[in-house]
Amino acid sequence: MSFDRSIKIAPSILSADFANFGKEIQAIEAQGCDWVHVDVMDGHFVPNLTFGPPAVKAFRPHVKTVMDVHLMISPVDQYIDAYADAGADILTAHLEAGPHIHRTLQAIRAAGMKAGLALNPGTPASAAAELMDSVDLICVMTVNPGFGGQKFIDMTAKVRQLREMIGDRPVHIEIDGGVDPTTAPLVAAAGADVLVAGSAVFRGGSVDKPEVYGDNIRAIRDAANAALG
Ligand code: DX5
Ligand code: ZN
Numbered sequence: 005m006s007f008d009r010s011i012k013i014a015p016s017i018l019s020a021d022f023a024n025f026g027k028e029i030q031a032i033e034a035q036g037c038d039w040v041h042v043d044v045m046d047g048h049f050v051p052n053l054t055f056g057p058p059a060v061k062a063f064r065p066h067v068k069t070v071m072d073v074h075l076m077i078s079p080v081d082q083y084i085d086a087y088a089d090a091g092a093d094i095l096t097a098h099l100e101a102g103p104h105i106h107r108t109l110q111a112i113r114a115a116g117m118k119a120g121l122a123l124n125p126g127t128p129a130s131a132a133a134e135l136m137d138s139v140d141l142i143c144v145m146t147v148n149p150g151f152g153g154q155k156f157i158d159m160t161a162k163v164r165q166l167r168e169m170i171g172d173r174p175v176h177i178e179i180d181g182g183v184d185p186t187t188a189p190l191v192a193a194a195g196a197d198v199l200v201a202g203s204a205v206f207r208g209g210s211v212d213k214p215e216v217y218g219d220n221i222r223a224i225r226d227a228a229n230a231a232l233g
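Here the working numbering is used: position 215 in the sequence shown is 219, and no number is missing along the way.
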């Protein structure tokens, strides 16, 4: 994975047809997404349950871009090798998921994946101050994790603060939750470069109408790029 800060759209398959993941992944990639965002939920760290390592391994052959796995689970460490084996390119853990996030991030990199750190809306940017050299991506949650289709919580000040803290390190800022053509420009202007979108990509489309996915992806990307001038 090479690093650049151009705007990337990462559809979350949480909003896809759960009976058709393979075809849905092929459809969003054919329609121009940059990454595939995979939301793993354990029903403990968040009040919802999605899928685990066996499912993520089954998604892998269909993903030709980047498999961006977002772990909304606690604890994390004992599952890192299973997600490496499943083929995750990026593995993101929540700072709030346990007491030793620095060790978790080291273990993710040691397992050969890019290390992501997710911050819930209630967690300040300053909590990541000692982790700037341990991460490849910071995921700023703009909803409380657990569900797609929620209302965007404005975290633009936190995004600006993080972009300042990152400096010229090759670290992505990913926005996750409530991203659509209206909110995308706000976070892009603040310094975010990866935009996760579930409902705003999948709404109105299907594997039989994939062109809607392409229209939705383009609308988000164009709105973000317009804010960058
Ligand atoms: C929420 C997930 C998000 C969510 C995004 O816990 O981490 O990735 O699926 O869905 P939308 O874009 O519909 O808010
Ligand atoms: Zn997510």
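Here a beta-carbon is modelled for each residue, glycine too, at the ideal position from N, C-alpha and C. The model shown is predicted, which means the values in this text are computed figures rather than measured ones.
Please go through the same chain and pick out, in chain order, the residues whose beta-carbon is closer than 7 Å to the beta-carbon of residue i, but skip the five residues on each side of it.
| i | result |
| --- | --- |
| Phe7 | Pro174 |
| Val139 | Leu109, Ala119, Gly120, Leu121, Val175 |
| Asp85 | Ala115 |
| Pro185 | Ala223, Ile224, Ala227 |
Go ahead and label residue i buried or exposed: buried means 16 or more other beta carbons lie within 10 angstroms of its beta carbon, across all protein chains shown.
| i | result |
| --- | --- |
| Phe22 | exposed |
| Gly233 | exposed |
| Met76 | buried |
| Ser19 | buried |
| Asn24 | exposed |
| Pro103 | exposed |
| His106 | exposed |
| Pro51 | exposed |
| Leu121 | buried |
| Met5 | exposed |
| Ser16 | buried |
| Gln3 | Because the chain here runs from 5 to 233, residue 3 falls outside it and cannot be looked at. |
| His98 | buried |
| Lys213 | exposed |
| Gly171 | exposed |
| Gly2 | Here the chain comprises residues numbered 5 to 233, so residue 2 is not present and cannot be evaluated. |
| Gly47 | exposed |
Where DSSP assigns a beta bridge to residue i, which residues make up the other side?
| i | result |
| --- | --- |
| Thr96 | His74, Gly120 |
| Ile142 | Leu121, Ile177 |
| Asp46 | Leu53 |
| Ala59 | In the DSSP output, where bridge partners are listed per residue, Ala59 has none listed. |
| Ala201 | Pro15 |
Going along the chain, which residues of its own chain have a beta-carbon closer than 8 Å to the beta-carbon of residue i, five neighbours each way excluded?
| i | result |
| --- | --- |
| Thr160 | Leu190, Val191, Ala193, Ala194 |
| Arg64 | Met71, Ala90, Gly91 |
| Arg164 | Ala194, Gly195 |
| Leu257 | Past the boundaries of the shown model lies residue 257; the chain is included only from 5 to 233, so the question cannot be answered. |
Just to confirm, is the Cβ distance from residue i to residue j under 9 Å?
| i | j | result |
| --- | --- | --- |
| Val70 | Asp38 | yes |
| Val73 | Ile29 | no |
| Pro57 | Ala90 | yes |
| Val40 | Ala62 | no |
| Ile177 | Ala204 | no |
| Ala111 | Ile94 | no |
| Ala131 | Leu123 | yes |
| Ser78 | Ala101 | yes |
| Val183 | Ala31 | no |
| Met45 | Gly150 | yes |
| Tyr87 | Met117 | yes |
Within its chain, find whatever has a CB closer than 6 Å to the CB of residue i; leave out the 5 residues flanking it on each side and keep chain order.
| i | result |
| --- | --- |
| Thr187 | Phe156 |
| Val179 | Note that residue 179 is Ile in the sequence shown, not Val. Around Ile179: Val144, Thr146, Val191, Ala196, Leu199. |
| Glu33 | Lys68, Thr69 |
| Asn229 | Ile11 |
| Val216 | Gly208, Gly209 |
Taking only three categories from DSSP, how would you classify residue i?
| i | result |
| --- | --- |
| Lys213 | strand |
| Lys12 | strand |
| Val67 | coil |
| His41 | strand |
| Ala23 | coil |
| Asn229 | helix |
| Thr187 | coil |
| His106 | helix |
| Ile157 | coil |
| Ala115 | coil |
| Asn148 | coil |
| Ser130 | helix |
| Asp82 | Checking the sequence shown, residue 82 turns out to be Gln, not Asp. Helix, per DSSP. |
Quick check: is the beta carbon of residue i nearer than 9 Å to any beta carbon in chain C?
| i | result |
| --- | --- |
| Glu168 | Reference to chain C is not applicable here, since this structure consists of a single protein chain. |
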